[in-house]
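Taking it in order: structure first as structure tokens, then the write-up.
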Amino acid sequence: MALVLKDRVRETTTTTGTSNLTLGGATATFDTFASVMSTNDTTYYAIVHTANGTDEWEVGLGTYSGTNTLTRTTVLSSSNSGSATNFSAGTKFVFITLPASVAAHLDPASNDHDLNSIISFGNHDTDDLSEGSTNLYFTNARADARVAASTAFDAAGSAVALAIALG
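Its first residue numbered 75, the sequence shown is counted upward by one per residue in our numbering.
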């Protein structure tokens, strides 16, 4: 189960109501959901129905249930005040998207490209990492426990003995 984000994935559906979407195949030059997703993968989707003056749409997080079915797991925004849209009859487009509400926003006008508001490592160092059997990162405790070294130097300053014990 993975979150899948891919460009140019778009299919049609004739699903009505608020039920799961039965995907009807890719439109020309686009990919299908099945070609980029496995069963139980999730993706952000958009559904639009604009034929004959209809203005129905929905953006959300969906789960690909296999056999060309997309479950509308979480609605993020819609033409139905943020609730699942009750789609009327007709052909709709369904596509993978990245909703504005989940995107990281940078303001190019302010030249502010500081991502510290998203995540900051500025107040952490390797001393903050916990030791564990699967910890693959350097920590002082790990280095001290694994490496014991002793070095003796002669008068010229060259190393004459070096012993390293690895645990």
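For each residue, glycine too, the CB sits at the ideal point set by N, CA and C. This one's a predicted model, so the numbers in the text were calculated from it and none came from an experiment.
What distance in whole Å lies between the Cβ atoms of glycine 98 and threonine 117, which are believed to be in contact at a cut-off of 8 Å?
So it is not a contact: roughly 17 Å between Cβ atoms.
Option in Gly134, Arg146, Val149 and Asp129 with minimal Cα separation from threonine 165
Asp129
In the structure shown, what three-state DSSP assignment does threonine 87 receive?
strand
Tell me whether alanine 76 counts as near the ligand COA, meaning its Cβ is closer than 6 Å to at least one heavy atom of that ligand.
In the structure on display, the ligand COA does not appear, and there are no ligands present to speak of.
Threonine 103: which of Asn94, Arg84, Ser93 and Thr147 sits nearest, CA to CA?
Arg84
Cβ-based burial, serine 232 [other Cβ within 10 Å; buried from 16]
With a pLDDT of 49 at serine 232, under the threshold of 50, the modelled position of that residue is not reliable, and the figure given next carries that caveat. Label assigned to serine 232: exposed.
Straight-line CA distance for alanine 174 to glycine 134?
11 Å
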